[in-house]
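Asks: Every letter in the sequence shown is one number past the one before it in the numbering used here, and letter 1, counting from 1, is 25. This structure is in structure tokens; I'll ask about it shortly.
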Amino acid sequence: TRLIPVEKSAEFFGFFNMLGKFAAVVGPFLMGSVTLLTGNARLGILSILILFAVGWFLLRKVDISEGERMAKEFLAK
């Protein structure tokens with residue numbers, strides 16, 4: 025919540041909620057597909073771990089201080 029302008033919080037949380045629903049579909053679909061194709065449930069679970077690793081990698085790139093600065097700058101306009 026520190027990275028979003030207060031005036032736009034409803035839009036950002038709506039987007040966050042939509043991504044949560046998307047993940048609730050993609051995760052089980054990916055695991056089921058990999059398990060079906062390989063016949064190995066462990067590989068299906070591994071495919072989910074790969075998604076976590078990608079998310080972790082993307083979040084490492086977030087500069088919190090820059091985001092806070094940009095949010096304050098947006099509010100000043």
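Note that beta-carbon positions come from the ideal geometry of N, C-alpha and C, so glycine has one too.
Would you identify the three-state DSSP class for K101, choosing helix, strand or coil?
Replies: The residue you call residue 101 lines up with position 77 of the sequence shown. Coil.
Asks: Would you tell me roughly how many angstroms separate the C-alpha atoms of A100 and R66, rounded to the nearest one?
Replies: Within the sequence shown, residue 100 is the residue found at index 76, counting from 1. Within the sequence shown, residue 66 is the residue found at index 42, counting from 1. In a straight line, the C-alpha of A100 is about 51 Å away from that of R66.
Asks: Mapping the DSSP letters down to three states, classify G63 as helix, strand or coil.
Replies: Along the sequence shown, read from residue 1 onward, the residue named residue 63 stands at position 39. Three-state DSSP puts G63 in coil, outside helix and strand.
Asks: Would I72 and G56 be called neighbours here (beta carbons separated by less than 8 Å)?
Replies: To locate residue 72, count along the sequence shown from 1; it is residue 48. To locate residue 56, count along the sequence shown from 1; it is residue 32. No, these two residues do not count as a Cβ contact at 8 Å.
Asks: Looking at C-alpha atoms only, which residue of I74, V86 and E92 is the closest neighbour of V58?
Replies: Reading the sequence shown from its first residue, position 34 is the one you call residue 58. Considering only alpha carbons, the answer is I74.
Asks: Just mark G63 as buried or exposed, buried being the case when its beta carbon has 16 or more other beta carbons within 10 Å.
Replies: Here residue 63 is taken as the residue at index 39 of the sequence shown, counted from 1. Exposed, because fewer than 16 other Cβ atoms sit within 10 Å of the Cβ of G63.
Asks: Taking the Cβ atom as the reference point for each residue, do A95 and L27 lie within a distance shorter than 8 Å?
Replies: Reading the sequence shown from its first residue, position 71 is the one you call residue 95. Reading the sequence shown from its first residue, position 3 is the one you call residue 27. In this structure, L27 lies closer than 8 Å to A95 by Cβ.
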